[in-house]
Structure formats: structure tokens, C-alpha cells
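Q:
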Amino acid sequence: MATQAASLTPRRAARSEPRLPGPDGGWWTQLGLVRRDFLGFLTHAADHYGDIFCIRPSPFNRIVVLNSAALAREVLLERPEDFSKSSQTRFMVGKFLGNGLVLSEGKDHATQRRTLQPSFGARALGAMAAPIHAETSRMTATWEASTLVDVEPAMTALSMRIILSFLVGSESETAALEGEDGRAFRDFADAIGGRFRSMPLPAWMPTAGNRREAAAIRQVDRLVARLLETSARSPEGRGILSSLASGIAKQELSFQQARDHIVTLLFAGHETVAKLMSWTLYLLARNPGAQDLVRADGEGLRATSNVVREAMRLYPPRLGLRPQPRRRASAAFGSGAVTSSTSRRISCIVRPGTFPIPCDSIRIGSIVTPPRRIPAPSSRLAAAPEAASGNPLR
Amino acid sequence: MMEAKLVVSTIVRGYELRLDVDTEVKPLPGATLAPAAPIRLRAIRR
Chain A
949 MATQAASLTP RRAARSEPRL PGPDGGWWTQ LGLVRRDFLG FLTHAADHYG DIFCIRPSPF
1009 NRIVVLNSAA LAREVLLERP EDFSKSSQTR FMVGKFLGNG LVLSEGKDHA TQRRTLQPSF
1069 GARALGAMAA PIHAETSRMT ATWEASTLVD VEPAMTALSM RIILSFLVGS ESETAALEGE
1129 DGRAFRDFAD AIGGRFRSMP LPAWMPTAGN RREAAAIRQV DRLVARLLET SARSPEGRGI
1189 LSSLASGIAK QELSFQQARD HIVTLLFAGH ETVAKLMSWT LYLLARNPGA QDLVRADGEG
1249 LRATSNVVRE AMRLYPPRLG LRPQPRRRAS AAFGSGAVTS STSRRISCIV RPGTFPIPCD
1309 SIRIGSIVTP PRRIPAPSSR LAAAPEAASG NPLR
Chain B
102 MMEAKLVVST IVRGYELRLD VDTEVKPLPG ATLAPAAPIR LRAIRR
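From first to last, the protein sequence lines stand for chains A and B. Here the first sequence is numbered in this note's numbering, starting from 949 and rising by one per residue. Here the second sequence is numbered in this note's numbering, starting from 102 and rising by one per residue.
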């Protein structure tokens, strides 16, 4: 079907393809539903139309939603040559993150991964365990015997300190980065978050939002330049910042590339982790039995790992990705049954609770829920997320 | 993942967590899936 469609003009090909199922109502109605309750709208659509359906939340956009682990895997992991990161993602975060790991593709992406790989090796990450524990203990040391904690800001501040210590590699320098500098990073993360909560306009328009974003970017760029200069002057420096400064000195990478790596790591390693930790603590607070499991956990933190994975399944910090087919003929997915039709955009949206329980969770499940055979992802979709698992973490 | 594991483990080993008011907090999609309302937990030292 895909080959046949490729030989037609785009308009005729679109007409010849099967119409995807999807919610009724014009784009205006759907836009209203999306703005009112995006997750509710998606859940309702997935329950009614299955693994692949089409939504139309704007006059120019038909978005194909893939709501299954198997299809998301096919598009995101198994066919990188057929799908690229979308222009929409670039529009939303490109001016903040540059061409770092999140947005680069192909050979450029592979080269960047090789450059950063040593900083994420087992030894480098193992060395982070003590600073993470120390930063967390420092935070809890300020808590009294019974303290009311506003979890999300607390976890955001903590993850910021941890990622800074990962970047600079020393406790004293991390402490020095707090205050004004820490605020620059927070403003930067807020500016990115704010873009997703509003309807962003092109960068050339002199709106208040665009001016705020430009100021946040300038502030962080100045800070990153200063950090790289300081690192370049201290040869005994540790941390990823030091490796990048040394890469610039050896002319292995440009200042812009180093800057893009740093801001990508800051955002990706701070915002999503903070949300994951907040949701995990929320779920644990609702389930004292699971707290006991975490408290009694052994050195490998197996039960804790399962609890975090389950939290990630129920509340995925990053809800969806929007890959874009490179060519119409390559857009066939789901065993070629459907092509991207009139849309060039595909959304792999992970509806909370959609993904199957990770294998390891069955072990924790055997303690808190009866073990059972996990059905294939597509058949799980027939059930509402609440009914998909008897896991008491919910 | 490692960071979340270590942070959660350190907190739960030192404190018992309870929801201050037992209400469901809904997720709000944006750049990340954020809580729609503040999550306020009572941390009680063990």
C-alpha cells in the first residue's frame, strides 16, 4: 500500500489511503477538548479507536497518534532512517537547546554520543552516588521531626544541585553556582516550560514572551561561557564541563557545540528527573506498604528501582514524541497497514498506564499484587489505564 | 533513573511520608507531565 501511495501525487495518494479512525467534530471542537483536558481527550480516543488514530486539534494539523509500546518502539527505535525529529520539536525547543543530543540526528548525533559517552560510563555514574546521597541528606537535614514538604519545588531544587555537581564535579563549585547562577538556570527551564503552556509565536515577533525567552537564553549563554572559561583555567578540574573545556582547547568541538551539550544536559537531566521523583514520592505517600519495601531494600535497590519504574509508567515525565516521516513511502507503520495519510506528523504519545509493567516490576508485584502473565501491549490498550493493572501504587 | 532511585531511597529510609490531605493530584501535560496542584507531603522522621 505504501509503495502504491508513493507513486501518486500527494493529494491523490492521501485520497487513496484509508481514513484513520478518530474523534468526531471539527478542529475547533477538538481544540477545545484538548485545551480543557488533553489527557482525558487522549484516553477517551484511545479507548474508542485503539492503537492508531488521528486527531485534528488545529486547522492545519492532523496528528496520527500511536498509542502502543510496540508501535512507539517501531517508530522511535527500529526505523531511525525512516523518521526524523519533527520540525515542531525544533520550533518548541530548538532556540534553547541548539543542536545538542535532543535535536541532532544521524552522524552528528552519533558523534555527540561518542563525545559524551565517557561521562556516562558505569565508573562516572558510580562516582555520582555519594554526591547524590550527600545532596539529598543536606536537603532532609533542614527538615524537622514532622515537616510539610512541597515536593515539586523541593525536588526541582535538589535535581538542579545534582546536575550542577555532575557538570562541575566539585561540591564547592556547585555551592558557588547557587544564588544568581542557579536562578539563571531556573529561569531558562521555566522559559522552556512556559513555551509548552502557551501558544508560542515566531521568534521575530516582539512579544513579551519572546523577550523573556531571549533574556533567559542570553543569561544562560553568559553563564556557560564563564563556566567553560573557568574550567579551561583549572587543569585538575573534573566533571563533564572540564571534558568539554578540554575538547574546545584541543579543537575537537566548537564553543557552540559545548554550549549545546551543557544546556541540553541541564534541561534533560533536571526537569524530567524532578518530575519523576515528585510523582514517585507522591505514589509512595499513598502506599505505605511500598514505603516499607523501599526502606527494607537491599544494596542493589531492586525494589526501589521497581517502584521508580512503575511511577515512570503511570506518570511518564515526557508524555510524547513527535517523529516525522522522512518520505511518504516510508511512513507506513503498524505492519504497513496505515500510512501517515494527510499528515506528515506522527505523535508517539505514551498515555499514562499504557506501557506494560516492566518485567522487574512483576517481582515487586509478586509481593504487593498477585503475579500474572502480562498480555501483549496492544491487547492491554483495550482496558482503561485504571483497569490495566492491579498495582497498588496507583 | 539512578538519581531518582538514590534520592527516593535516602528520603524514605529517613522519613515516613504521608499525604497532608488525601486528595488525588491530577497530571498536567506540558513540556513534562507536571502535577496540576502542589503535592504537599508530611515527612515524619523515623
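Where is the CB? At the ideal position from N, CA and C, for every residue including glycine.
Rounding to the nearest angstrom, what Cα-Cα distance links Val1256 (chain A) and Leu107 (chain B) in this structure?
A: Locating residue 1256 (chain A) in the first sequence gives position 308, where the first residue counts as 1. Locating residue 107 (chain B) in the second sequence gives position 6, where the first residue counts as 1. Cα to Cα, the separation comes out at about 10 Å.
Q: Within the continuous beta strand (DSSP E) that includes Val1013 (chain A), where are the two ends?
A: One-based indexing of the first sequence puts residue 1013 (chain A) at position 65. Here the beta strand (DSSP E) through Val1013 (chain A) covers 1009-1014.
Q: Using C-beta distances below 8 Å, list every residue in its chain close to Val1211 (chain A), excluding the 5 sequence neighbours before and after it, in chain order.
A: In the first sequence, residue 1211 (chain A) corresponds to position 263, counting from 1. Answer for Val1211 (chain A): Phe1044, Leu1045, Gly1046, Gly1048, Phe1136, Val1168, Val1172, listed in chain order.
Q: Which of the three DSSP states is assigned to Glu1345 (chain A) in this structure?
A: Chain A is shown only over 949 to 1342; residue 1345 (chain A) falls outside these bounds and no answer can be derived.
Q: Between Gly1195 (chain A) and Thr1059 (chain A), how many whole angstroms is the CB-CB distance? I'm expecting something under 8 Å.
A: Counting from one through the first sequence, the residue named residue 1195 (chain A) turns up at place 247. Counting from one through the first sequence, the residue named residue 1059 (chain A) turns up at place 111. So it is not a contact: roughly 12 Å between Cβ atoms.
Q: Which residues share a DSSP beta bridge with Lys1033 (chain A)?
A: What you label residue 1033 (chain A) is simply residue 85 of the first sequence in a count that begins at 1. In DSSP, Lys1033 (chain A) forms a bridge with A:Pro1271.
Q: Between Ser1291 (chain A) and the rest of its own chain, which residues show a CB-CB distance below 8 Å, the 5 nearest in sequence each way excluded?
A: Your numbering for residue 1291 (chain A) matches position 343 in the first sequence. Model confidence at Ser1291 (chain A) stands at a pLDDT of 43, short of 50, so the residue's coordinates are unreliable and nothing is read from them.
Q: Does the beta carbon of Ala1164 (chain A) come closer than 9 Å to any beta carbon on chain B?
A: For this step, residue 1164 (chain A) is matched to residue 216 along the first sequence. Not an interface residue.
Q: Taking the CB atoms as reference points, tell me whether Pro1005 (chain A) and Leu134 (chain B) lie closer together than 9 Å.
A: By 1-based counting over the first sequence, the position of residue 1005 (chain A) is 57. By 1-based counting over the second sequence, the position of residue 134 (chain B) is 33. Against a cut-off of 9 Å, the Cβ pair of Leu134 (chain B) and Pro1005 (chain A) comes out as no contact.
Q: I need the straight-line Cα distance from Met1087 (chain A) to Ser1107 (chain A), nearest angstrom please.
A: Position 139 of the first sequence, counting from 1, holds the residue named residue 1087 (chain A). Position 159 of the first sequence, counting from 1, holds the residue named residue 1107 (chain A). Roughly 11 Å between the two C-alpha positions.
Q: Count the other C-beta atoms from every protein chain shown that fall within 10 angstroms of the C-beta of Val113 (chain B), then say buried if there are 16 or more, exposed otherwise.
A: Your numbering for residue 113 (chain B) matches position 12 in the second sequence. Buried, since its Cβ has 16 or more Cβ neighbours within 10 Å.
Q: Do the stretch 1223-1233 of chain A and the stretch 1244-1259 of chain A meet, that is, are 3 or more Cβ pairs less than 8 Å apart?
A: Yes: the two stretches touch, three or more of their Cβ pairs being nearer than 8 Å.
Q: How is the alpha helix (DSSP H) around Pro1101 (chain A) delimited, first residue to last?
A: On the first sequence, position 153 is the one that residue 1101 (chain A) refers to. Pro1101 (chain A) -> alpha helix (DSSP H) spans 1099-1116.
Q: Does any residue of chain B have a CB that is nearer than 9 Å to the CB of Ile1196 (chain A)?
A: Here residue 1196 (chain A) is taken as the residue at index 248 of the first sequence, counted from 1. Cβ-Cβ to chain B under 9 Å: no for Ile1196 (chain A).
Q: Quick one: using the 10 Å Cβ neighbour count with 16 as the cut-off for buried, is Pro1055 (chain A) buried or exposed?
A: On the first sequence, residue 1055 (chain A) is found 107 positions in, with the first residue counted as 1. Here residue 1055 (chain A) turns out to be Lys, not Pro, going by the sequence shown. Label assigned to Lys1055 (chain A): exposed.
Q: Helix, strand or coil for Thr1178 (chain A)? Go by DSSP, reduced to three states.
A: On the first sequence, residue 1178 (chain A) is found 230 positions in, with the first residue counted as 1. Thr1178 (chain A) falls in the helix class under three-state DSSP.
Q: Quick one: does Ala1330 (chain A) have its CB under 9 Å from some CB of chain B?
A: Against the first sequence, residue 1330 (chain A) aligns to sequence position 382. Legend: pLDDT at Ala1330 (chain A) = 33, less than 50; position of this residue unreliable, no value from coordinates given.
Q: On a Cα-Cα basis, can you pick out the residue from A:Arg1160, A:Phe1203, A:Gly1141, A:Leu1149 that is closest to Arg1174 (chain A)?
A: Within the first sequence, numbered from 1, the residue matching residue 1174 (chain A) stands at position 226. Cα-wise, what sits closest to Arg1174 (chain A) is A:Phe1203.
Q: Quick check: Gln1239 (chain A) and Phe1031 (chain A), are their CB atoms within less than 9 Å of each other?
A: Within the first sequence, numbered from 1, the residue matching residue 1239 (chain A) stands at position 291. Within the first sequence, numbered from 1, the residue matching residue 1031 (chain A) stands at position 83. Going by C-beta atoms, Gln1239 (chain A) is not nearer than 9 Å to Phe1031 (chain A).
Q: Would Gln1036 (chain A) pass as an interface residue toward chain B - the criterion being a Cβ-Cβ separation below 9 Å?
A: As a first step, residue 1036 (chain A) is located in the first sequence; it is residue number 88 there, counting from the start. No, Gln1036 (chain A) lies away from the interface with chain B (no Cβ there is under 9 Å from its Cβ).
Q: Around the C-beta of Lys122 (chain B), are 16 or more other C-beta atoms found within 10 angstroms, so that it is buried, or is it exposed?
A: The residue you call residue 122 (chain B) lines up with position 21 of the second sequence. Residue identity check: residue 122 (chain B) is Val in the sequence provided, not Lys. Val122 (chain B) should be labelled exposed.
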